[in-house]
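Some notes on the structure that comes next.
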Amino acid sequence: MMFRRSAANKSLNGSPFRVRTAAFVAAVAALLAPAAVFAERPTAVIPKQTIYPGETLDETLVEVVDVTNPDLADGYVRSIEEIEGKVTKRTLLPGRVILASALRDHYAVERGSTVRLVFNNGGLTITAAGSPLQDAAVGELIRARNIDTGVIISGTVMADGTIHVVAK
1294 MMFRRSAANK SLNGSPFRVR TAAFVAAVAA LLAPAAVFAE RPTAVIPKQT
1344 IYPGETLDET LVEVVDVTNP DLADGYVRSI EEIEGKVTKR TLLPGRVILA
1394 SALRDHYAVE RGSTVRLVFN NGGLTITAAG SPLQDAAVGE LIRARNIDTG
1444 VIISGTVMAD GTIHVVAK
């Protein structure tokens, strides 16, 4: 044998200190082991084929894969539920993670179309025809032109496609 125990180590061999330390280490290992066993690997959603801007995503165009790179920056889509019904802003390449910033909601109103402008103030409701000056999703604040007067107003896009005018 190349190494021998020193006299100091021999005296601690069966001591209560060593037994307590060993029990503590075993308890910590038992607590952490299930977490490591049951911890799921992170997943990412990647395209199966090239997806161009303006295309609506669904589960047939993408697949979920395990992330093996621990240095992958956050901001990517992790599950199919996050992409359902979203529209791409830029080209998505196969085998590359889909960044959340590369997706948007469907537009509720499109630039140049005719929409209904609604102004509510107490019991007074005024409606008029308008034309959005930009594309917008539900809840976005946009500018629109009143078709009758040519006045440009600001308003919030509602789910039914109307624009609720913001009072100045």
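Under my numbering, the residues of the sequence shown are numbered 1294 to 1461, in order.
For each residue, glycine too, the CB sits at the ideal point set by N, CA and C.
I'd like to know if residue 1455 contacts chain B, where contact means its C-beta is closer than 7 Å to some C-beta of that chain.
No chain B is part of this structure, which consists of one protein chain only.
From which residue to which residue does the beta strand (DSSP E) around residue 1362 run?
Run containing residue 1362: none; DSSP gives neither H nor E here.
In terms of alpha-carbon separation, which member of 1343, 1348, 1337, 1334 lies closest to residue 1399?
Considering only alpha carbons, the answer is 1348.
Which residue comes first and which comes last in the beta strand (DSSP E) that contains residue 1444?
Run containing residue 1444: none; DSSP gives neither H nor E here.
Between which two residues does the beta strand (DSSP E) harbouring residue 1423 extend?
Residues 1417-1425.
Can you grab the Cα-Cα spacing for the pair residue 1343 / residue 1361, in whole Å?
Rounded to whole angstroms, residue 1343 to residue 1361 spans 22 Å at the Cα level.
With a cut-off of 8 Å, do at least 3 Cβ pairs link the region 1392-1411 to the region 1421-1435?
The answer is yes - the region 1421-1435 touches the region 1392-1411, with three or more Cβ pairs under 8 Å.
Taking DSSP's pairing of strands, which residues face residue 1354 in a bridge?
DSSP lists no partner for residue 1354.
If the criterion is Cβ atoms closer than 7 Å, does the pair residue 1437 and residue 1446 meet it?
Contact flag set, yes.
If you compare alpha carbons, which of 1387, 1422, 1377, 1459 is closest to residue 1440?
Minimum Cα distance to residue 1440 is reached at 1422.
Could you tell me whether the Cβ atoms of residue 1408 and residue 1378 are closer together than 7 Å?
Not in contact: residue 1408 and residue 1378 (Cβ atoms no closer than 7 Å).
Exposed or buried, residue 1435, counting other C-beta atoms within 10 Å across all chains shown (16 or more means buried)?
Under this definition residue 1435 is a buried residue.
According to the neighbour-count rule (16 or more other Cβ atoms, all chains shown, within 10 Å of its Cβ), is residue 1345 buried or exposed?
It is exposed - the Cβ of residue 1345 has fewer than 16 other Cβ atoms within 10 Å.
To the nearest angstrom, how far is it from the Cα of residue 1396 to the Cα of residue 1358?
Their backbone Cα atoms lie some 19 Å apart in a straight line.
Quick one: give me the first and last residue of the beta strand (DSSP E) that residue 1458 is part of.
Unbroken beta strand (DSSP E) run through residue 1458: 1456-1458.
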